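In our numbering, the protein residues as written are 577 to 935.
Cβ atoms here follow ideal geometry from the backbone N, Cα and C, with glycine treated the same way.
Since this is a predicted model, take the numbers as computed values, not measurements.
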């Protein structure tokens, strides 16, 4: 009976995320009535993708041919202008990426200018540090658009769709360690090593974590599985593990910010003694805050609060000053109070607790 109750609670949380995706983006798993109407109104994909103008100008729109290529939040379509066989310019079309991160990723758009289509296809372009998901989406959209322009429309292999950079492979290795080893081994020294890896590799190097932006983005645009292996493993530890008795597993063993707070709490500084009444009041505050944010989100009033969850502070080169400041405040507080953000604020953690049947 308890398993069934958890499944029902998890289903309720998923429905909340689905409603939020439709309210914010008007799409669910990458599709909407408007999309289908648009496709039906054109003769074929080619007419939507390729436009030809005088003076040997061809414009490639990747909205359809790159519809399965996702950034952090959703699709990142491009418009590629080719003149006389050479790329004249690349423009980013409207998307739902977080502006601070996408503005950094946009620095890539000029990297292909002046090159022939074939030379641009051969060019090896690295993702922008601090905006990995968005910049990878730009690179993949460029490849899709240029391949289409060169009449090379073969579907990329699994290896081509996977992100096989060193930091991604390292991040996958670390998240798998966090997902598996604590199930069989309880050791304080090893836990300390894992926390350090979570902070340094998953947080600072890969900039990968669970938050509301990711949840709603996946519900809105779907999951590019081969490019999102690390967050997929995180999602399994967060939502599937509790069904098998491992409540709070993601927060305790995987979350980079939780691990950072744990490190701060290990300092020798004297801890604050909080009364039960104060702790209870702060717990009620977290629940009230969560309820308020859900009302704002599900009614479509505001989604901006998602950009202020502290996790993106790990990507400090792109994160807003406010987010970095909030993260620093909570890490300093963690020296005196164990995991203050997790216990008294975190909207993501509250969702995970709700899915497990906890307050």
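For residue 682, the first and last residue of its enclosing alpha helix (DSSP H): Residue mapping note: residue 682 aligns to position 106 of the chain shown, counting from 1. Segment: none, residue 682 is in no alpha helix (DSSP H) and carries neither H nor E.
Residue 582 classed as buried or exposed, judged by whether at least 16 other C-beta atoms fall within 10 angstroms: Along the chain shown, read from residue 1 onward, the residue named residue 582 stands at position 6. Answer is buried; the Cβ neighbour count reaches 16.
Rounded distance between the beta-carbons of residue 808 and residue 799, thought under 8 Å: Start at 1 with the first residue of the chain shown, and residue 799 comes out as number 223. Start at 1 with the first residue of the chain shown, and residue 808 comes out as number 232. Between residue 799 and residue 808 a beta carbon distance of about 7 Å is seen, short of the 8 Å cut, so the two are scored as contacting.
Assigned secondary structure, residue 895 (DSSP; H/G/I helix, E/B strand, else coil): Here residue 895 is taken as the residue at index 319 of the chain shown, counted from 1. DSSP places residue 895 in coil when its eight states are reduced to three.
Residues bridged to residue 627 [DSSP beta-bridge criterion]: Position 51 of the chain shown, counted from the start, is the residue given in the question as residue 627. According to DSSP, which records beta bridges pairwise, residue 627 is partnered with 635.
Separation of residue 748 from residue 802, as counted between CA atoms: Translated into the one-based positions of the chain shown, residue 802 becomes position 226. Translated into the one-based positions of the chain shown, residue 748 becomes position 172. Taking the straight line from one Cα to the other gives about 12 Å.
Those residues which DSSP pairs with residue 662 across a bridge: Position 86 of the chain shown, counted from the start, is the residue given in the question as residue 662. Paired residue(s): 659, 692.
C-alpha distance - residue 664 paired with residue 864, whole-angstrom precision: Here residue 664 is taken as the residue at index 88 of the chain shown, counted from 1. Here residue 864 is taken as the residue at index 288 of the chain shown, counted from 1. Rounded to whole angstroms, residue 664 to residue 864 spans 52 Å at the Cα level.
Span of the alpha helix (DSSP H) around residue 941: Missing from the structure shown is residue 941; the chain here goes from 577 to 935 and no further.
Where residue 876 sits in the DSSP three-state scheme: Taking the chain shown and counting its residues from 1, one reaches residue 876 at position 300. In the structure shown, residue 876 sits in coil (DSSP, three-state: anything other than H, G, I, E or B).
Distance, residue 911 Cα to residue 675 Cα: As a working mapping, residue 675 is identified with position 99 in the chain shown. As a working mapping, residue 911 is identified with position 335 in the chain shown. One C-alpha to the other measures close to 32 Å.
Residue environment, residue 860, which counts as buried when at least 16 other CB atoms sit within 10 Å: Walking along the chain shown from the start, residue 860 turns up at place 284. The Cβ neighbour count for residue 860, taken over all protein chains shown within 10 Å, is under 16; the residue is labelled exposed.
Proximity to residue 757 [Cα-Cα], best of 579, 830, 578, 821: Numbered from its first residue, the chain shown carries residue 757 at position 181. It is 830.
Contact the segment 704 to 714 vs the segment 667 to 687: 3+ CB pairs below 8 Å: Yes, the segment 704 to 714 touches the segment 667 to 687.
8 Å Cβ shell around residue 915 - same chain, five flanking residues per side excluded: On the chain shown, residue 915 is found 339 positions in, with the first residue counted as 1. Correct list, in chain order: 834, 837, 838, 841.
The segment 778 to 786 / the segment 889 to 899 touching (three or more Cβ pairs under 8 Å): yes
Validate contact between the segment 717 to 728 and the segment 654 to 669 using beta carbons, cut 8 Å, 3 pairs: yes
Residue 823 (DSSP reduced to helix, strand or coil): What you label residue 823 is simply residue 247 of the chain shown in a count that begins at 1. Residue 823 falls in the coil class under three-state DSSP.
For residue 668 and residue 654, believed in contact at Cβ under 8 Å, the rounded distance: Taking the chain shown and counting its residues from 1, the one referred to as residue 654 is at position 78. Taking the chain shown and counting its residues from 1, the one referred to as residue 668 is at position 92. Going by Cβ atoms, the distance from residue 654 to residue 668 rounds to 6 Å, so yes, they are a contact pair.
As assigned by DSSP and simplified to three states, the class of residue 667: Position 91 of the chain shown, counted from the first residue, corresponds to residue 667. Note: residue 667 maps to strand in three-state DSSP.
Segment contact flag, the segment 916 to 934 with the segment 582 to 591, C-beta cutoff 8 Å, min 3 pairs: yes
Assigned exposure category for residue 579 - 16 Cβ within 10 Å defines buried: Sequence index remark: in the chain shown, residue 579 carries index 3 (1-based). The residue in question, residue 579, is exposed, as its Cβ has fewer than 16 Cβ neighbours within 10 Å.
Where the alpha helix (DSSP H) through residue 799 begins and ends: Taking the chain shown and counting its residues from 1, one reaches residue 799 at position 223. DSSP places residue 799 in no alpha helix (DSSP H); its state is neither H nor E.
Helix, strand or coil at residue 699 [DSSP, three-state]: Numbered from 1 along the chain shown, position 123 holds the residue referred to as residue 699. Residue state, collapsed to three classes: coil.
Rounded straight-line distance, which links the Cα of residue 774 to that of residue 744: For the purposes of this step, residue 744 is taken as residue 168 along the chain shown, with counting starting at 1. For the purposes of this step, residue 774 is taken as residue 198 along the chain shown, with counting starting at 1. If you take the alpha carbons of residue 744 and residue 774, they lie about 13 Å apart.
Local Cβ density within 10 Å of residue 862, reported as buried at 16 or more and exposed below that: Residue 862 sits at position 286 when you count from the first residue of the chain shown. Buried.
Other residues of its chain near residue 882: CB distance less than 6 Å, five sequence neighbours each side excluded: As a position in the chain shown, residue 882 is number 306, starting the count at 1. Excluding residues within five positions, the ones whose Cβ falls inside 6 Å are 788, 789.
Distance between residue 599 and residue 875 (C-alpha atoms, nearest Å): The residue you call residue 875 lines up with position 299 of the chain shown. The residue you call residue 599 lines up with position 23 of the chain shown. Roughly 7 Å separates the two Cα atoms.
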